[in-house]
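Here the structure comes first, spelled out in structure tokens, and everything after it is commentary.
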Amino acid sequence: MTTAINHDVPKALLPMAQRNVLAHLIDLTSRGVTGPEGPAGTPIDPDVAFSII
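Counting in our numbering, the sequence shown runs from 17 upward without gaps.
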């Protein structure tokens with residue numbers, strides 16, 4: 017997801033961009049806007065797919 021959003025970010029900065037995307041996903045999940053796909057209790061993880069609730 018990070019590379020699709022930040023396609024122009026140098027590879028050296030991708031870890032920082034990944035943390036930024038994850039931080040936004042955590043915020044959106046806490047506000048009930050999105051959530052990780054899968055059974056209830058699926059952890060918020062950079063490798064998990066998210067969907068709009």
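Glycine is no exception: its CB is placed at the ideal position from the N, C-alpha and C atoms.
Where does residue 21 fall in DSSP's three states?
helix
Can you tell which of 23, 68 and 51 has its C-alpha closest to the C-alpha of residue 61?
51
Quick one: using the 10 Å Cβ neighbour count with 16 as the cut-off for buried, is residue 41 buried or exposed?
buried
Determine the extent of the beta strand (DSSP E) in which residue 50 is found, giving its start and end residues.
50 to 52
Looking at residue 37: is its Cβ nearer than 7 Å to the Cβ of residue 58?
The Cβ atoms of residue 37 and residue 58 lie no closer than 7 Å to each other.
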